[in-house]
Amino acid sequence: MSVRVRFAPSPTGALHIGGVRTAIFNWLFARHHNGKFILRIEDTDRTRSTEESIAEIMDAMTWLGLDWDEGPFRQSDRLSVYQGYAQKLLEAGKAYRCYCTQEELERRRKGAEKQGSAYRYEGTCRNLKSYPPDKAYAIRLITPEMGSIEVHDLIRGTITFDAKEIDDFIIQKGDGFPTYNFAVVIDDVTMNITHVIRGDDHIANTPKQILIYNALGYDIPEFAHVSTILGSDKAKLSKRHGAISVVAYREMGYLPEALVNYLTRLGWSYGDQEIFSREELFEKFTLENVGKSPAVFNPEKLLWLNGWYIRNKPAEEIGKLVIPFLEKKGFQVTLDDKLIKIVNILKERAKTLVDIADSAEYFFIEEVEYEESARKKFLIPESVPIFEALIDKLSSLTDFTISELQSVFGEIIEKRGLKLVQVAQPVRVALTGGTVSPGIFEVMEIMGKERVIEILKKAVHHISKS
RNA sequence: GUCCCCGUCGUCUAGCCCGGCCUAGGACACUGCCCUUUCAAGGCAGUAACACGGGUUCAAAUCCCGUCGGGGACGCCA
Numbered sequence: 066m067s068v069r070v071r072f073a074p075s076p077t078g079a080l081h082i083g084g085v086r087t088a089i090f091n092w093l094f095a096r097h098h099n100g101k102f103i104l105r106i107e108d109t110d111r112t113r114s115t116e117e118s119i120a121e122i123m124d125a126m127t128w129l130g131l132d133w134d135e136g137p138f139r140q141s142d143r144l145s146v147y148q149g150y151a152q153k154l155l156e157a158g159k160a161y162r163c164y165c166t167q168e169e170l171e172r173r174r175k176g177a178e179k180q181g182s183a184y185r186y187e188g189t190c191r192n193l194k195s196y197p198p199d200k201a202y203a204i205r206l207i208t209p210e211m212g213s214i215e216v217h218d219l220i221r222g223t224i225t226f227d228a229k230e231i232d233d234f235i236i237q238k239g240d241g242f243p244t245y246n247f248a249v250v251i252d253d254v255t256m257n258i259t260h261v262i263r264g265d266d267h268i269a270n271t272p273k274q275i276l277i278y279n280a281l282g283y284d285i286p287e288f289a290h291v292s293t294i295l296g297s298d299k300a301k302l303s304k305r306h307g308a309i310s311v312v313a314y315r316e317m318g319y320l321p322e323a324l325v326n327y328l329t330r331l332g333w334s335y336g337d338q339e340i341f342s343r344e345e346l347f348e349k350f351t352l353e354n355v356g357k358s359p360a361v362f363n364p365e366k367l368l369w370l371n372g373w374y375i376r377n378k379p380a381e382e383i384g385k386l387v388i389p390f391l392e393k394k395g396f397q398v399t400l401d402d403k404l405i406k407i408v409n410i411l412k413e414r415a416k417t418l419v420d421i422a423d424s425a426e427y428f429f430i431e432e433v434e435y436e437e438s439a440r441k442k443f444l445i446p447e448s449v450p451i452f453e454a455l456i457d458k459l460s461s462l463t464d465f466t467i468s469e470l471q472s473v474f475g476e477i478i479e480k481r482g483l484k485l486v487q488v489a490q491p492v493r494v495a496l497t498g499g500t501v502s503p504g505i506f507e508v509m510e511i512m513g514k515e516r517v518i519e520i521l522k523k524a525v526h527h528i529s530k531s
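Numbering (our numbering), first residue to last: 66 to 531.
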């Protein structure tokens, strides 16, 4: 039987880091086994589900390259399916109508809590002889009173639950909607899901779901419960920990491959390897190498990986990606030779696309803005003769290339008995406004002869004026 | 409270199933050095962990028991 897995988010907000890792594991598992990856939207919570959220989930998954083979299916489209199955169980005597009111149940639950124990439905309506004609009812599954339920988990081994811990739980609410546990099972059955890979917060639901499979007479799929992602305080990752939505990472200039690589390695490993191409992931990903213990999300390592991917991607591609970030800063740019050259020297020292856009500023800006401390230290009267000598020599250059520039600088430092740094730094400040930039010859070459001379003259003017 | 899961450097992890090759390996971060026109990148080196306590064994990070710690679940939410 071929592998079929699903990712089933509820559309009640942004797709976040924790959720998307579950999606990635399912996706990789499907690709590894040449199976199908299905997207299913669990939108039975009508008050909290939104269309925007559905759109955002699909947008984020598309950006990450998590292509799904079927779906998105929506639970809200399938109400009658659930009701049909619930009816079947009712007729088979495996479930019963419950007329207990929610208020009454709430009261009993409170009472049990006061005693310090968990509330379990006592089966009040289990053997009802007659039904009140017009009253709404919930449907409860008849569950075994003794014995144990074993969950076979591909990551954790066998987990055993005592049947006594599970009460006759509701499978269909008073309004005719299925409860989560019921809908999940029906969906997984009807979609022929072979492996249920999900977060470990669902472990406690699993025995209940197994009971539903049993009552319906269907085969139980394989289960794999992946550990949670934690924040730096070891609590479950949430908004408190800063940016956690996938879209936020796109906006911060992260590359999808970096995020996928990082999130996959969080809880999964393949020996000592850190960097994986998409194809390698497909080939190497197995559930055996998924760890059991929860992992703390480490933004620094993600940043490092992102830098790695930026450095190792061709400048043309990075250039294309960086354009929207430059436009956001108000620069109109196209993917031309100049931009590619700029990206080429900047990507070596950037960790995000935002970094590149920020440090590219001086190539596009009209007037160089000097950083105060840099200006004070390097745009001083002593620099004027250097700048003037440079202007003079550069003016007569026909080839404005790195090697030509190198020899011009060489002549100047030799004549004046200076070190290269003593010339390079003032020039750097004059051209870029700061003390940090790529190699000064590269910067000059990209800026071009006219622009460089113009800027150097401005610097001279600036010094003499102040 | 009950049930369940988890526990190797600060963090992600290898090793654990099938005890010895572990004076516990790699990566991020951090520190130092090298390279160097600044900053990165790169190279080299360094700091840093088997939660604790009992067993079993010639030998335990690895097997067993207990303790402690962290997390999750206990809904007519998903």
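Virtual Cβ for every residue (Gly too), placed ideally from N, Cα, C.
With contact counted as at least three CB pairs below 8 Å, one residue from each stretch, are the region 116-130 and the region 157-170 in contact? no
To which residues of the same chain is A203 closer than 7 Å at the C-beta, ignoring the five residues directly before and after it? C163, I235, Q237, K238 and G239
Unbroken alpha helix (DSSP H) run spanning G149, endpoints: L144 to E156
Would you kindly report the start and end of the unbroken beta strand (DSSP E) that includes P137? E135 to R139
Using the three-state DSSP reduction, which class does R203 fall into: helix, strand or coil? Inspection of the sequence shows that residue 203 is occupied by Ala rather than by Arg. Looking at A203 - three-state DSSP - the assignment turns out to be strand.
Terminal residues of the alpha helix (DSSP H) in which Q471 lies: I467 to R481
Across which residues does DSSP place K101 in a beta bridge pair? R69
Rounded to a whole number of angstroms, what is the C-alpha to C-alpha distance between E426 and A524? 18 Å
Which whole-angstrom value is the C-beta distance of G318 and L400, which I expect to be below 8 Å? With 8 Å as the limit, G318 and L400 do not qualify as a contact, their Cβ atoms being about 17 Å apart.
Of the residues L206, K378 and K394, which one's Cα is nearest the Cα of A280? L206
Run of the beta strand (DSSP E) containing Y161, from where it starts to where it stops: A160 to C163
DSSP three-state label for P359, please. coil
Which of helix, strand or coil DSSP assigns to A495: helix
Between the C-alpha atoms of I220 and A269, what's the straight-line distance to the nearest angstrom? 15 Å
Work out the CA separation of L324 and I119 for me, nearest whole Å. 21 Å
Separation of F102 from A73, as counted between CA atoms: 11 Å
Opposing strand residues paired with T225 [DSSP bridges]: E215
Given a cut-off of 7 Å on the beta-carbon distance, is the pair A415 and I388 in contact? no
Minimum C-alpha distance to L459 - residue among I445, F474, V449 and E447: F474
Report the three-state DSSP secondary structure of I220 (helix, strand or coil). coil
Compare the Cα-Cα distances from Q397 to each of I410, W373 and E431 and report the closest residue. E431
Could you tell me which whole alpha helix (DSSP H) segments of length 4 or greater appear in the region 242-275? 245-255
Counting along the chain, where does the beta strand (DSSP E) carrying A183 start and finish? Taken as a continuous stretch (DSSP letters only), A183 belongs to no beta strand (DSSP E), as it is neither H nor E.
Contact between the region 308-316 and the region 75-83 (3+ Cβ pairs under 8 Å): yes
For the beta strand (DSSP E) that I511 lies in, which residues bound it at each end? Counting along the chain, I511 falls outside any beta strand (DSSP E), though it belongs to the alpha helix (DSSP H) covering I505 to M512.
In the DSSP assignment, what are the bridge partners of I333? Going by the sequence as given, residue 333 is Trp instead of Ile. DSSP, once it has assigned bridges, lists V355 as partnering W333.
Do Y499 and E436 have their C-beta atoms within less than 7 Å of each other? Inspection of the sequence shows that residue 499 is occupied by Gly rather than by Tyr. Taking 7 Å as the Cβ cut-off, G499 and E436 qualify as a contacting pair.
Where R330 and I505 are concerned, what is the direct C-alpha to C-alpha distance, given to the nearest angstrom? 38 Å
C-alpha distance - R96 paired with N257, whole-angstrom precision: 17 Å
Determine the burial state of I467: buried for a count of at least 16 other Cβ atoms within 10 Å of its Cβ, exposed for fewer. exposed
Please classify K179 as buried or exposed, where buried requires at least 16 neighbouring CB atoms within 10 angstroms. exposed
Does the Cβ of Y196 have 16 or more other Cβ atoms within 10 Å, making it buried, or fewer, making it exposed? exposed
Supposed close pair S358, S292 - CB separation, criterion 8 Å: 6 Å
Which residues mark the beginning and the end of the alpha helix (DSSP H) in which F390 is found? A380 to K393
Closest residue to F429 among G513, A360 and S182 (Cα-Cα distance): G513
Got a sec? Which residues, its chain only, sit under 8 Å from T77 by beta carbon, not counting five neighbours each side? D110, R113, S114, T115 and S118
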